[in-house]
Amino acid sequence: MVIGYAAGTDAARTTPCFATTPEQAALLTWGPLCANNLVKYLLDYRFEDTRLAVVVKGCDSRAVNRLLQDLQFPRQRLVVLGVPCGGQLDRASILSEIPPGARLQDIEDTGEDLVLVTDKGRLSFPKDRFLMDKCYRCETNMPVVADFLAGEPVPSPAREGFEHTAEVDGMEALDIADKSSFWDNEFSRCLRCTACRNACPACSCKECVFEQAVPGWQQSGIIGSKVNSLPENAVFHLIRMFHVTGRCVDCGECERVCPVGIPLRLLYRKVLKDARILYGAGTPGMSTETVSPLSEFRPDDPEEFM
6 MVIGYAAGTD AARTTPCFAT TPEQAALLTW GPLCANNLVK YLLDYRFEDT RLAVVVKGCD
66 SRAVNRLLQD LQFPRQRLVV LGVPCGGQLD RASILSEIPP GARLQDIEDT GEDLVLVTDK
126 GRLSFPKDRF LMDKCYRCET NMPVVADFLA GEPVPSPARE GFEHTAEVDG MEALDIADKS
186 SFWDNEFSRC LRCTACRNAC PACSCKECVF EQAVPGWQQS GIIGSKVNSL PENAVFHLIR
246 MFHVTGRCVD CGECERVCPV GIPLRLLYRK VLKDARILYG AGTPGMSTET VSPLSEFRPD
306 DPEEFM
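In our numbering, the protein residues as written are 6 to 311.
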């Protein structure tokens, strides 16, 4: 089976495609609207004998390495189909440019510009205007692991002036009251839909701590509570943040799928920055040889922060 992308329900959307026949494989497509990280789907087949091929971008490929390192999927059953990526486009930003009453019919990528074809006419914009935020800070637009590479290398979408830790630095500079106010406002909007967890390739537990079966009268007193309140929402996100420390590959799926637009990558990029400062650790998944800083012990580990 090949896990890739197929055309979605409109011109600005693609959908995961699970092709098991040549006819289904003919539906596979690739372009700047293939934002989904498909690596998470491998976990659905980890206990089966199915041999899988998965299409990965550069940021997705880091998740492949992480799953292999965690022994979550056997390498001999996996074929990695790498694709060079010039950046993925933000669907919401594209749709915001469609005039009221107009219907988007097609999107033409000319390289530098993006042409939105509607039933009311054609609109042209600089392509950079619609790039997803993570793409401005792209570390690997070429897959770091691939059995087959489709297409020629393309320029990285990374742009000058978009420092990887700039927003994290800005958040750290706030005083405690302002930080608390910011995150209280964000977490208060959380629906506890767990879309962030479900899309995250670093969340690979067979039984999530937030899905444990407990009587309703006990739920408000445990970390697995499903009560939708600000304290419980904050606990949910902070526990998830620590659970994926050392395994988050900064693919941005958590933030992309959040239905209320909580800036979740800001949390995880903070942890990435701290791991880099405290342990000299790079972005997880860049190599299967690099061990997560929380997965090994060394007598010479720095201890200044303890």
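Every residue, glycine too, gets a C-beta built ideally from N, C-alpha and C.
- Count the other CB atoms within 10 Å of the CB of GLN93; is the residue buried (16 or more) or exposed (fewer)? If you draw a 10 Å sphere on the C-beta of GLN93, you find 16 or more other C-beta atoms in it, and that means buried.
- Below 8 Å on the Cβ atoms is my guess for ALA58 versus LEU86; work out the distance and round it to an integer in Å. 5 Å
- Who pairs with ILE99 in a beta bridge, going by DSSP? Beta-bridge pairing links ILE99 to no other residue.
- State yes or no: is the C-beta of PRO37 within less than 8 Å of the C-beta of PRO89? no
- Query: When you compare only the Cα positions, how much space is there between VAL214 and THR123?
  - Reply: If you draw a straight line from the Cα of VAL214 to the Cα of THR123, it is about 46 Å long.
- Message: Does the region 106-125 come into contact with the region 234-246, if we say contact requires no fewer than three beta-carbon pairs (one atom in each stretch) closer than 8 Å?
- Response: No: fewer than three Cβ pairs fall under 8 Å.
- Query: Is there at least one non-hydrogen atom of the ligand GTP closer than 7 Å to the beta-carbon of SER300?
  - Reply: In terms of ligand content, the structure shown is empty, and the ligand GTP therefore cannot be addressed.
- Query: By how many angstroms is the C-alpha of PRO21 removed from the C-alpha of ASN41?
  - Reply: 8 Å
- What is the rounded straight-line gap between the Cα of ILE99 and the Cα of ILE267? 19 Å
- Query: Looking at SER209 and GLN81, is the spacing between their C-beta atoms short of 8 Å?
  - Reply: No, Cβ-Cβ distance for GLN81 and SER209 is not below 8 Å.
- Query: For GLU53, does the count of other Cβ atoms within 10 angstroms reach 16, so buried, or fall short, so exposed?
  - Reply: exposed
- Measuring alpha carbon to alpha carbon, tell me which of GLU216, LEU271, THR288, VAL149 ends up nearest MET176. Ranking GLU216, LEU271, THR288, VAL149 by CA distance to the CA of MET176 puts LEU271 first.
- Query: Which residues in the same chain as ALA207 place their Cβ atom closer than 6 Å to its Cβ, once the five residues preceding and following it in sequence are excluded?
  - Reply: VAL249, ARG252, CYS253
- Task: Output the residue ranges of the beta strand (DSSP E) runs that lie fully inside the region 37-121 and measure 3 residues or longer, sorted by chain position.
- Result: 57-61, 83-87, 109-114
- Query: DSSP three-state call for PRO160: helix, strand or coil?
  - Reply: coil
- Alpha carbon to alpha carbon, how far is GLU172 from ASP180? Give it in angstroms, no decimals. 15 Å
- Supposed contact pair GLU102 and LEU128 - C-beta distance, whole angstroms, cut 8 Å: 6 Å
- Please look up how many angstroms separate the CB atoms of ALA30 and VAL7, rounded, as I've assumed it's under 8 Å. 6 Å
- Query: What is the rounded straight-line gap between the Cα of ASP65 and the Cα of THR293?
  - Reply: 14 Å
- Return the CA-CA distance between ARG202 and CYS263, expressed in angstroms with no decimal places. 10 Å
- Query: Going straight from the alpha carbon of PHE23 to that of GLU260, what length do you get?
  - Reply: If I take the Cα positions, the gap works out to 24 Å.
- Task: On a CA-only basis, which of GLY290, TYR284, PRO289 is nearest ASP306? Give me that one, please.
- Result: TYR284
- Cβ separation of LEU235 and ASP189, assumed to be a contact under 8 Å, to the nearest whole Å: 6 Å
- Task: Have a look at the DSSP bridge pairing and note the partners of ARG127.
- Result: VAL122
- Message: Using only CA atoms, which one of ASP49, THR55, ARG303, LYS211 lies nearest to THR25?
- Response: In this structure, THR55 is the residue among ASP49, THR55, ARG303, LYS211 with its C-alpha nearest to the C-alpha of THR25.
- Can you tell me whether LYS211 is buried or exposed, with buried defined as 16 or more other CB within 10 angstroms of its CB? exposed
- Message: As a quick exercise: from PRO105, ASP174, VAL44, pick the residue whose alpha carbon is nearest that of VAL276.
- Response: For VAL276, the nearest C-alpha among the options comes from ASP174.
- Give the single residue among LEU109, ASN70, GLU237 whose Cα lies nearest to the Cα of ALA15. Just to set this straight, residue 15 is Asp in the shown sequence, not Ala. When each option's Cα is compared against that of ASP15, the closest is LEU109.
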